[in-house]
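Numbering (full-length UniProt numbering), first residue to last: 1 to 304. Quick reminder that beta carbons are idealized off the backbone N, C-alpha and C, glycines included. Quantities reported herein were computed from a predicted structural model and do not represent experimental measurements. The structure appears right after this line, and notes come after that.
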């Protein structure tokens, strides 16, 4: 991702009155990307798309699905749970406000709109979300290599498994270990070991291109790759490409019996995801395959 490109926050305005959407759009379009929906079902469709909004302005009274129900559904889905929702209402009623907050709403805007109040409340929620997203990213990123950490891996694997189980698709996993890394640290020092970990992480990541594929630092010198909707026939070539990418780095390792340069061993496993199954079974198989790769001499891929 190019972090130099400024992200323009997007706001989804949900109101069954086009006039209200036009009014709010004129007020906000200079600072935000505006999305619009005139019914609850369309709002849910937009919010659950590949590019969900950063904030939802949600009218309470709508004909098909009211604002409370839309908010409830947004907060029940992992993908949309953290999107702040500001309710739009024509009534300033304490019971209505309490209900909205209990459902996960972040704030209220009362009609007729007061432009300065609307702008301030939206700005506060957007700024809060930016800070929260940054903290969440830090918590899920390995500080040394910059790739997702074990916590992020656990969450992603669970999400991928459920999605593939719903669609009756396979999930593949690669367990990857740097060969004789302790000997590398003893020979070249821990500073060189840190540089090695970063370069290996970059080389492994360069092989993955699909949006839901994830490489994480599993722990120490071990990495894991989650490959959704990928069977063994496609997972093995990816593993071989990773093996070559690390070897081609040419990082000297004269303490390794496997090769004169840094290499990795990779265990590859694939399973058909099912609601009754567990991603832990997939991880266990990949780990057993990794053990086999090490036992067979390292610097190789072993299938489960």
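Query - Inter-stretch contact (C-beta, 8 angstroms, three-pair minimum) for the segment 228-245 and the segment 275-290 - result: no
Query raised in the report: Are residue 103 and residue 72 close, meaning C-beta to C-beta below 7 angstroms?
Result: yes
Query raised in the report: Relative to the alpha-carbon of residue 26, which residue among 7, 119 and 95 has its alpha-carbon at the smallest distance?
Result: 119
Query raised in the report: Along the chain, which unbroken stretches of the alpha helix (DSSP H) at least 4 residues long are found entirely within the UniProt domain "GGDEF" (169-304)?
Result: 181-188, 190-205, 232-247 and 279-295
Query raised in the report: Taking DSSP as the reference, what is the three-state secondary structure of residue 10?
Result: strand
**Report entry** Beta-carbon proximity list for residue 8, same chain, < 6 angstroms, skipping 5 on both sides
**Finding:** 33
**Report entry** Alpha-carbon to alpha-carbon, residue 89 and residue 1
**Finding:** Low local confidence applies: a pLDDT of 39 at residue 1 is under 50, so the model's placement there is unreliable, with the coordinate-based value given in what follows. Approximately 38 angstroms, taken between the alpha carbons.
Report task. Determine, using beta carbons only, whether residue 24 comes closer than 7 angstroms to chain B. Result -> Absent from the structure: chain B. Only one protein chain is present.
Query raised in the report: Considering only residues of the same chain and omitting the five flanking positions on each side of residue 296, which have a CB-CB separation below 8 angstroms?
Result: 302
Report task. With a threshold of 6 angstroms, establish whether the CB of residue 23 neighbours any heavy atom of the ligand MG. Result -> Looking at this structure, you won't find the ligand MG or any other ligand, since it has none at all.
Report task. Keeping to the same chain, check which residues put their C-beta closer than 6 angstroms to that of residue 292; ignore five residues upstream and five downstream. Result -> 302
Query raised in the report: By how many angstroms is the C-alpha of residue 235 removed from the C-alpha of residue 179?
Result: 21 angstroms
Query raised in the report: What separation, rounded to the nearest whole angstrom, lies between the Cα atoms of residue 265 and residue 205?
Result: 16 angstroms
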